[in-house]
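In this text, residue positions in the sequence shown follow the numbering used here: the first is 55, and each later residue adds one.
Heads up, the beta-carbon is just placed ideally off N, CA and C, and yes, glycines get one too.
Since the model is a prediction, treat every value here as computed from it, not as a measurement.
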Amino acid sequence: LAAQIGFSNITAIDIDAIAVETARKMADQNHTLNKITFCTQDIATINPSKKYKVVLANLLTPILIQFSKKIFYLLEKNSYLVMSGIWQKEQAESVIQEYQKYPVKLIHQDSSDGWYGITFQRPLHNLWNKMRSNIFGMGI
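(1) CB-CB under 8 Å to N84, same chain, minus the five flanking residues each way: which ones, in chain order?
(2) Can you tell me whether P157 is buried or exposed, with buried defined as 16 or more other CB within 10 angstroms of its CB?
(3) Could you compute how far the alpha carbon of I161 sits from the alpha carbon of T65?
(4) Under the rule that 16 or more other beta-carbon atoms within 10 Å means buried, what is Q142, buried or exposed?
(5) Give me the Cβ distance between Q95 and I117, rounded to the nearest whole Å; I'm assuming they're in contact under 8 Å.
(6) If you draw a straight line from the C-alpha of K131 to the C-alpha of R176, how long is it?
(7) Return the CA-CA distance between V149 and N63, expressed in angstroms with no decimal places.
(8) Measure the alpha-carbon distance for Y106 versus F126 and round it to whole angstroms.
(9) For T86, which residues from the same chain have a beta carbon less than 7 Å from its beta carbon, with the 5 sequence-adjacent residues on both sides left out?
(10) Assign A98 to buried or exposed, taking buried as 16 or more other Cβ atoms, counted over all protein chains shown, within 10 Å of its Cβ.
(11) Can you say whether M137 is buried or exposed, counting buried as having 16 or more other CB atoms within 10 angstroms of its CB?
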C-alpha cells in the first residue's frame, strides 16, 4: 500500500518468513516490487541507524512497549509512527503512556471491535525535545 500511494525506498520487515513471502507476492502483483526491500528479521536485531519518514508497526502491545526505544529511534525528525495490533483500551493507554516518554506527539487514536490504532508524530524541531528533556530530566 505504501508503494501504491507514492512512497519509495520501503523496507518491509517481519519475523515470519511466510508473511514476508506473501508480502513479496502481493507487491509483485501490484507492480511495486522494485520499491520495497523485504527482510525476515526479529525486531530485537534491527539496527536503528537507518531512519524512516513513516514507521508502521503492527505488533502486539508487549512488543511495542518492550522495544519502544528502538522503534522511536527508527524515526527521522518530522516523521510518523503508526501502530496497530493493540487489543483493548487499557493496552492502548499503556502504549500511549510508554511512547510519551519520547519527544512525540499523539495525533490520532482509533478503535474497531476492540483493536486500537495509534499514530504519533516526531516533531521537526529539537526545541520541543529540549524543553521536555529539561522539564522531565529525560536527556533524549
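Inspection of the coordinates gives the following:
(1) A57 and Q58
(2) buried
(3) 24 Å
(4) exposed
(5) Contact doesn't hold; Cβ gap of about 13 Å is too wide.
(6) 6 Å
(7) 28 Å
(8) 10 Å
(9) A57 and Q58
(10) exposed
(11) buried
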